[in-house]
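Student:
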Amino acid sequence: MQIQVVKSKIHRVKCTGAELNYIGSITIDEDLMEAANIIQGEKVQIVNNDNGERLETYCIPGPRKSGEITLNGAAARKVSVGDTLILITYAFMDIEEAKIFKPSLVFPDEATNLLK
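Residue numbers for the sequence shown follow my numbering, so the first one is 4 and each next one is one higher.
Below you can see the structure in the form of structure tokens.
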């Protein structure tokens, strides 16, 4: 049997952009993606602490050291620039593997979205 567990989490970043006229996704500073072990195209859950919205999309890398967190396409309607977000990815694994697995948890600077 396999279960789904948290693989990665980028905790409390500010939304820096909302681009409605785009083909979807979330753009994440590549430094943050790397620190959280998230790869391009991976499914990401976005939790908006300011309005309670939860949505899923896939990620694309943004410029390093930019702090960029931009929701693109229809997801842009679910956020406002400045909203505080939590980004989460999940993985399927066997129960025994899940018991010892340690997720990648990233806590960037809340003012800049940059790694501390």
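For every residue, glycine included, the Cβ atom is placed at its ideal position computed from N, Cα and C.
If you pair each beta-carbon of the stretch 36-52 with each one of the stretch 75-93, do three or more pairs fall below 8 Å?
Tutor: The stretch 36-52 is in contact with the stretch 75-93.
Student: Is T73 near I29, with beta carbons less than 8 Å apart?
Tutor: One-based indexing of the sequence shown puts residue 73 at position 70. One-based indexing of the sequence shown puts residue 29 at position 26. Yes.
Student: Since S107 and A39 are thought to touch, with beta carbons under 8 Å apart, how far apart are those beta carbons, to the nearest angstrom?
Tutor: As a first step, residue 107 is located in the sequence shown; it is residue number 104 there, counting from the start. As a first step, residue 39 is located in the sequence shown; it is residue number 36 there, counting from the start. S107 to A39, Cβ: 5 Å. Contact.
Student: DSSP three-state label for I26, please.
Tutor: Residue numbering aside, residue 26 sits at position 23 when the sequence shown is read from its first letter. Reduced to three states, the DSSP call for I26 is coil.
Student: Let me check one thing: in DSSP terms, what residues is Q5 bridge-paired to?
Tutor: As a working note, residue 5 is residue 2 in the sequence shown. Note: Q5 sits in a beta bridge opposite D97.
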